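S.K.: Residues in the sequence shown are numbered from 57 upward in steps of one, following our numbering. Glycine included, every Cβ here is placed at the ideal spot set by N, Cα and C. Being a predicted model, the structure only gives us computed values, none of them experimental.
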Amino acid sequence: MTPRNSLPGVRRALLEGERFLITSHRNPDGDAVGSCLALAAGLAELGKSCVIASGDGVPMNLAWLPLAEQVQPAANADHGCDTVVLLDCGAIDRTGLSPEALHAGRALVNIDHHPGNPLFGTANWVDPGACATAELVYQVLQSLPTPIGYAAATAIYTGILTDTGCFRFSNTSARAFQSAAEMLAKGVDPSWVAQMVFDQQPIGRLRLLSLVLETLELSPRDKAAAALVTREMFRRTHTGVEDVEGFVNHARSLCGVEVGLLLREEAPGRYRVALRSKGRVDVSAIARLYGGGGHHNAAGATLEGAPETLRHELFAHVEEALDRELLGQRKAG
Ligand SMILES: [Mn+2]
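Listed below in structure tokens is the structure:
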């Protein structure tokens, strides 16, 4: 019997499948899109047919990626596939696909790096030690008899670049640099990729940022900072959810702040919170209190209530977590 979490198990499922539906989580980021495109490129080289689906399309700053034009709306998800591949999805309900589309395939392949991924696939390759799912897709492609061409290399590099915050976050490992260097050897131009991903901002996005920064508040002991995005701000700046990507890092970047928070209004009284830690606070534990999840340094959850109340609560959770950490240090010392 194949262990529940194994690269050979995923390799076998990919070799056995003929018609694939490849998808990732809602509001896809560079790792989600990069992982899908890289895997699709590799499987196409093996003569497999692939449909790449995304519930929220491809964000503008990733639309230049080779093969991005092949991404279909989730509604077009191919029901005739024999294998569904979910990439960078810590939980099965994070995809934009209907349960029918998900179960259309006989096999469900789960490749991911979120800690706590419950191995929901019939084949799973989950490694929380990987900096990005794109790094795992690289590993999977290396295990297959398929060349890794320029399109796949660019997609893998983009996933690693974005998920490590340009090689700044704590998941930036030697392996992250190694994998990235191997993509450069395949022809990827890092300066061009960075320009395409980060230096093509529409002016509305910066106008939105300026509105959001005006809402920035510090917690009582200045250890957390939170900003708010409302639907009214989107309307005023002609922007959308994808334009908020990365805003939370401004809150985290403040001197002395351990956790940055961004509350985004989804509906009246309902907010999606993004949490980003510098490392001392495990923000996935705070997200889990609200039914969310994520990584030690990056997590998210959906909350209900008034934004001031939610901000107050979240600040309290961060400061409590820091107190516990200090207490632990004192005990250990
Ligand atoms: Mn990821």
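Do you know offhand how far LEU123's Cα is from GLY111's?
M.R.: For the purposes of this step, residue 123 is taken as the residue at position 67 of the sequence shown. For the purposes of this step, residue 111 is taken as the residue at position 55 of the sequence shown. Cα to Cα, the separation comes out at about 17 Å.
S.K.: Can THR189 be considered in contact with ligand 1, in the sense that its beta carbon sits closer than 7 Å to one or more heavy atoms?
M.R.: Against the sequence shown, residue 189 aligns to sequence position 133. The answer is yes for THR189.
S.K.: Which of the three DSSP states is assigned to GLY302 in this structure?
M.R.: As a first step, residue 302 must be located in the sequence shown, where it is residue number 246. DSSP places GLY302 in coil when its eight states are reduced to three.
S.K.: Let me make sure I understand the geometry here. Which of ARG320, SER229 and PRO201 has the alpha-carbon closest to that of LEU267?
M.R.: For the purposes of this step, residue 267 is taken as the residue at position 211 of the sequence shown. It is ARG320 whose Cα lies nearest to the Cα of LEU267.
S.K.: Starting from the N-terminal side, write out each stretch of the alpha helix (DSSP H) that is 4 residues or longer and does not extend beyond the segment 270-315.
M.R.: Qualifying alpha helix (DSSP H) stretches, in chain order: 287-293 and 304-308.
S.K.: Consult DSSP for HIS352 and reduce its assignment to one of helix, strand or coil.
M.R.: The sequence position of residue 352 within the sequence shown is 296, counting from 1. Correct three-state label for HIS352: coil.
S.K.: Relative to the alpha-carbon of ASN117, which residue among PRO155, MET239 and ARG261 has its alpha-carbon at the smallest distance?
M.R.: For the purposes of this step, residue 117 is taken as the residue at position 61 of the sequence shown. Residue ARG261 is the option with its Cα nearest to ASN117.
S.K.: How should ALA130 be labelled, buried or exposed, when 16 other C-beta atoms within 10 angstroms of its C-beta is the threshold for buried?
M.R.: For the purposes of this step, residue 130 is identified with residue 74 of the sequence shown, where counting begins at 1. Classification of ALA130: buried, given that the 10 Å Cβ count is 16 or more.
S.K.: From what residue to what residue does the alpha helix (DSSP H) around LEU142 run?
M.R.: Residue mapping note: residue 142 aligns to position 86 of the sequence shown, counting from 1. Element bounds for LEU142: not the alpha helix (DSSP H) but the beta strand (DSSP E), 139-143.
S.K.: DSSP three-state label for THR210, please.
M.R.: As a working note, residue 210 is residue 154 in the sequence shown. Reduced to three states, the DSSP call for THR210 is helix.
S.K.: Hey, is ASP112 close to ligand 1, as in C-beta under 7 Å from one of its heavy atoms?
M.R.: Translated into the one-based positions of the sequence shown, residue 112 becomes position 56. Outside the cutoff, so no.
S.K.: Inspect the beta-carbon positions of ALA190 and ALA207 and report whether they are closer than 8 Å.
M.R.: Here the question's residue 190 lines up with position 134 in the sequence shown. Here the question's residue 207 lines up with position 151 in the sequence shown. Contact flag unset, no.
S.K.: Please tell me whether, using a cut-off of 7 Å, the distance from the CB of HIS368 to the nearest non-hydrogen atom of ligand 1 is below it.
M.R.: The residue given as residue 368 occupies position 312 in the sequence shown. HIS368 Cβ: outside cutoff for every heavy atom of ligand 1.
S.K.: Report yes if the CB atom of LEU143 is closer than 8 Å to the CB atom of SER91, and no otherwise.
M.R.: As a working mapping, residue 143 is identified with position 87 in the sequence shown. As a working mapping, residue 91 is identified with position 35 in the sequence shown. The answer is yes: Cβ separation under 8 Å.
S.K.: Please identify the residue among SER62, HIS159, ALA307 and GLY86 whose C-alpha is closest to the C-alpha of PHE76.
M.R.: Taking the first residue of the sequence shown as position 1, residue 76 is located at position 20. The shortest C-alpha separation from PHE76 is found at HIS159.
S.K.: Just how far apart, CA to CA, sit PRO155 and ILE108?
M.R.: Residue numbering aside, residue 155 sits at position 99 when the sequence shown is read from its first letter. Residue numbering aside, residue 108 sits at position 52 when the sequence shown is read from its first letter. The alpha-carbon atoms of PRO155 and ILE108 are separated by roughly 16 Å.
S.K.: Look at GLY113 and GLY146 and say whether their C-beta atoms are less than 8 Å apart.
M.R.: In the sequence shown, the residue the question calls residue 113 occupies position 57. In the sequence shown, the residue the question calls residue 146 occupies position 90. No, these two residues do not count as a Cβ contact at 8 Å.
S.K.: Candidates ASN61, LEU370 and LEU102: which alpha carbon is nearest GLY205's?
M.R.: Within the sequence shown, the letter at position 149 stands for residue 205. When only C-alpha atoms are compared, the closest one is LEU102.
S.K.: Rounded C-beta distance between LEU192 and ILE167? I'm assuming under 8 Å.
M.R.: Looking up residue 192 in the sequence shown gives position 136. Looking up residue 167 in the sequence shown gives position 111. Confirmed, about 5 Å.
S.K.: How do the segment 323-331 and the segment 357-374 stand: do at least 3 beta-carbon pairs fall below 8 Å, yes or no?
M.R.: Touching, yes.
S.K.: Looking only at DSSP bridge pairs, what is THR151 linked to?
M.R.: As a first step, residue 151 is located in the sequence shown; it is residue number 95 there, counting from the start. For THR151, which the question treats as bridged, DSSP gives the partners HIS81.
S.K.: Measure the beta-carbon distance from THR178 to ALA69 and round it to whole angstroms, keeping in mind my assumption that it falls under 8 Å.
M.R.: Numbered from 1 along the sequence shown, position 122 holds the residue referred to as residue 178. Numbered from 1 along the sequence shown, position 13 holds the residue referred to as residue 69. Yes, THR178 and ALA69 are in contact; Cβ-Cβ is about 7 Å, under 8 Å.
S.K.: Could you give the first and the last residue of the continuous beta strand (DSSP E) run that contains ARG332?
M.R.: By 1-based counting over the sequence shown, the position of residue 332 is 276. First-last of the beta strand (DSSP E) with ARG332: 326-333.
S.K.: Is HIS169 near ligand 1, judged by its Cβ being under 7 Å from some heavy atom?
M.R.: Reading the sequence shown from its first residue, position 113 is the one you call residue 169. Yes, the Cβ of HIS169 comes within 7 Å of a heavy atom of ligand 1.
S.K.: Could I get the ranges of all uninterrupted alpha helix (DSSP H) runs contained in the segment 160-228, with 4 residues as the minimum, in chain order?
M.R.: Correct list: 189-199 and 206-219.
S.K.: Please confirm whether any heavy atom of ligand 1 lies closer than 7 Å to the CB of ASP87.
M.R.: Locating residue 87 in the sequence shown gives position 31, counting from the first residue. Indeed, a heavy atom of ligand 1 lies less than 7 Å from the Cβ.
S.K.: Mind checking whether the beta-carbon of ASP338 lies closer than 7 Å to any heavy atom of ligand 1?
M.R.: Translated into the one-based positions of the sequence shown, residue 338 becomes position 282. For ligand 1, not one heavy atom lies less than 7 Å from the Cβ of ASP338.
S.K.: What residue does the alpha helix (DSSP H) around SER110 start on, and which one ends it?
M.R.: By 1-based counting over the sequence shown, the position of residue 110 is 54. Element bounds for SER110: not the alpha helix (DSSP H) but the beta strand (DSSP E), 105-110.
S.K.: Using a threshold of 8 Å, state whether the C-beta atoms of GLY350 and HIS170 are closer than that.
M.R.: Residue mapping note: residue 350 aligns to position 294 of the sequence shown, counting from 1. Residue mapping note: residue 170 aligns to position 114 of the sequence shown, counting from 1. Result yes, Cβ atoms of GLY350 and HIS170 sit closer than 8 Å.
S.K.: Can you name the start and end residues of the alpha helix (DSSP H) that VAL127 belongs to?
M.R.: Taking the sequence shown and counting its residues from 1, one reaches residue 127 at position 71. Per DSSP, VAL127 belongs to no alpha helix (DSSP H); it is in the beta strand (DSSP E), 127-129.
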